[in-house]
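Novice: Numbering (my numbering), first residue to last: 580 to 824.
All C-beta atoms in this analysis are idealised placements derived from N, C-alpha and C, irrespective of residue type, glycine included.
If you're wondering where the values come from, they're calculated on a predicted model, not measured in any experiment.
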Amino acid sequence: MQGSEIKELRKRLRLSQTEFGKLIGASLRSVQNYEKGNTQPSADVLLKLLEVNEKHLAQLKDDLAYLKDKVDPNEIKVNQPLENFQTKAGSTYEELPNGKYKVKVPFVPVKAQARYLHEFTDAEFMSDLEEMTFFVDRVGNGKYLAFEIQNDSMDDGTINSIPDGAVVLARELGKQHWTNKFHTHSFPYWIIVHKTTILCKEILNHDIERGVITCHSLNESPEYSDFELKLDDVHQLFNIVKKTF
């Protein structure tokens, strides 16, 4: 079973990498390496993966048969939208009967991030981006984007991790607010659109007088040591409000 197939199976099951690891008897780090193709599962893990996949396919077949027989077309579904609307910032929301909202936002995958650095102000480029859907508790003000995470710098194996391949929903903090102290206690993790790259980091400190932020990685590996960035070299800042795997 290839890494892409393992990742696809986990996503179909809607499990985090930690939850999936417990299911197949593997550590979080092992699951991450399987999905990246860095290592191959052992024979025991591979058998467990095949067993989980077979059970999932069988369950899907049973669910489809049940729905075909039992679903009333006139029944109101929990996820059926009550109302669709778009905010001034361009995010599209659907109000759901369960009190939550489904929001669609532009998605910036890793493969598009180099181009994003140069064309994020281009309306045509932004409109051509794919959309990503999130379920949220309320309608948010401001501009929201989704970013795919690249590398393990924010992965320490805990619940706070934002691992390689994760997708985050992030809200832009306009430059007019950069002269005020950032609320890093409420939103510690950020997407930083630097002039040369897009980073995912924890902001430890915001020095207003110097116009400098201190960036921190959750991964304690020496290659991910803390560093400072001048805000003059930053195009955009987004605080992360939600993540998916």
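Helix, strand or coil for residue 679? Go by DSSP, reduced to three states.
Specialist: Three-state result, residue 679: coil.
Novice: Within the continuous beta strand (DSSP E) that includes residue 818, where are the two ends?
Specialist: Where residue 818 is concerned, the enclosing beta strand (DSSP E) stretches over 813–823.
Novice: Taking residue 768 as part of the beta strand (DSSP E), name the residues at either end of that continuous run.
Specialist: Segment 768–773, the beta strand (DSSP E) holding residue 768.
Novice: Using 8 Å as the threshold, is the segment 802–810 in touch with the segment 695–704, meaning 3 or more CB pairs across them?
Specialist: With a cut-off of 8 Å, the segment 695–704 and the segment 802–810 do not count as touching, because too few Cβ pairs lie within range.
Novice: What residues match up with residue 806 in a beta bridge as DSSP calls it?
Specialist: According to DSSP, residue 806 bridges with 794.
Novice: With DSSP run on the structure shown, which of helix, strand or coil describes residue 700?
Specialist: It is coil, neither helix nor strand.
Novice: Report back the beta-carbon spacing between residue 679 and residue 714 to the nearest angstrom; my notes put them in contact at under 8 Å.
Specialist: Confirmed, about 6 Å.
Novice: Look at the Cβ atom of residue 736, then the Cβ atom of residue 608, and state whether they are nearer than 8 Å.
Specialist: The answer is yes: Cβ separation under 8 Å.
Novice: So does the segment 786–802 actually touch the segment 721–737, counting three or more Cβ pairs closer than 8 Å?
Specialist: At 8 Å Cβ cutoff, the stretches touch.
Novice: Quick one, which of 625, 594 and 687 has its alpha-carbon nearest residue 817's?
Specialist: Nearest of 625, 594 and 687 to residue 817, Cα basis: 687.
Novice: Kindly indicate which three-state DSSP category residue 632 falls into: helix, strand or coil?
Specialist: Residue 632 falls in the helix class under three-state DSSP.
Novice: Mind checking whether residue 768 and residue 748 have CB atoms under 8 Å apart?
Specialist: Cβ atoms of residue 768 and residue 748: not closer than 8 Å.
Novice: Tell me where the beta strand (DSSP E) around residue 747 begins and ends.
Specialist: Its beta strand (DSSP E) spans residues 746–751.
Novice: Nearest to residue 824 by alpha carbon, out of 616, 632, 624 and 729?
Specialist: Of the listed residues, the one whose Cα sits closest to residue 824 is 729.
Novice: So residue 596 and residue 611 are supposed to be a Cβ contact under 8 Å. How far apart are they, rounded?
Specialist: Residue 596 to residue 611, Cβ: 6 Å. Contact.
Novice: Mapping the DSSP letters down to three states, classify residue 742 as helix, strand or coil.
Specialist: Looking at residue 742 - three-state DSSP - the assignment turns out to be coil, as it is neither helix nor strand.
Novice: Exposed or buried, residue 634, counting other C-beta atoms within 10 Å across all chains shown (16 or more means buried)?
Specialist: That one is exposed.
Novice: What residues match up with residue 724 in a beta bridge as DSSP calls it?
Specialist: Note: residue 724 sits in a beta bridge opposite 749.
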